[in-house]
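Everything below concerns the one structure shown next.
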Amino acid sequence: MQTDISQKLQKRSFLKEVKKDFKLNKGLYLLIVPVVIFYLVFHYKPMYGAIIVFKDFQPANGIWGSDWVGLQNFKDFFQSYYFWRVLKNTIVISLSTLVFGFPAPIIILA
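Residue numbering for the sequence shown follows the numbering used here, starting at 15 and increasing by one per position.
Dropping the structure here:
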């Protein structure tokens with residue numbers, strides 16, 4: 015019984031401290047708002063579309079109207095004839111970008 019009361023008092027005091035801190039630092043919290051909005055719009059909202067990989071997507075049905083297929087799309091891709099070619103091209107393009115794209119600005123500006 016005593017612990018329930020002390021927990022409630024601690025919770026109230028914590029909320030009091032948060033409110034007090036917000037009042038004291040209102041300007042700093044306002045500076046955070048644009049950053050939070052940016053991350054919500056450009057980092058978390060696009061994750062909604064990533065659900066397409068687990069569906070048999072039909073544009074006419076939309077994302078939520080399409081049937082779930084689970085990991086079947088991944089199995090089909092990894093077992094496809096072109097998988098190794100696509101993987102090789104991806105690695106070659108990435109390494110080329112690193113080799114030629116990274117040192118170029120350093121060499122030009124040096």
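Ideal Cβ placement from N, Cα and C applies to all residues, glycine included. Since the model is a prediction, treat every value here as computed from it, not as a measurement.
Quiz item: Just curious, the alpha helix (DSSP H) that Ile107 is in, first and last residue?
Solution: 97-110
Quiz item: For Asp81, which beta-bridge partners are listed by DSSP?
Solution: Asp70
Self-check item: Entirely enclosed alpha helix (DSSP H) segments - the segment 29-54, minimum 4 residues
Solution: 40-53
Quiz item: Any chance the segment 47-65 sits against the segment 31-39, with 3 or more Cβ pairs inside 8 Å?
Solution: Taking 8 Å as the limit for Cβ pairs, the verdict is that the segment 31-39 does not touch the segment 47-65.
Self-check item: Residue burial classification, Lys69 (beta-carbon count within 10 angstroms, cutoff 16)
Solution: buried
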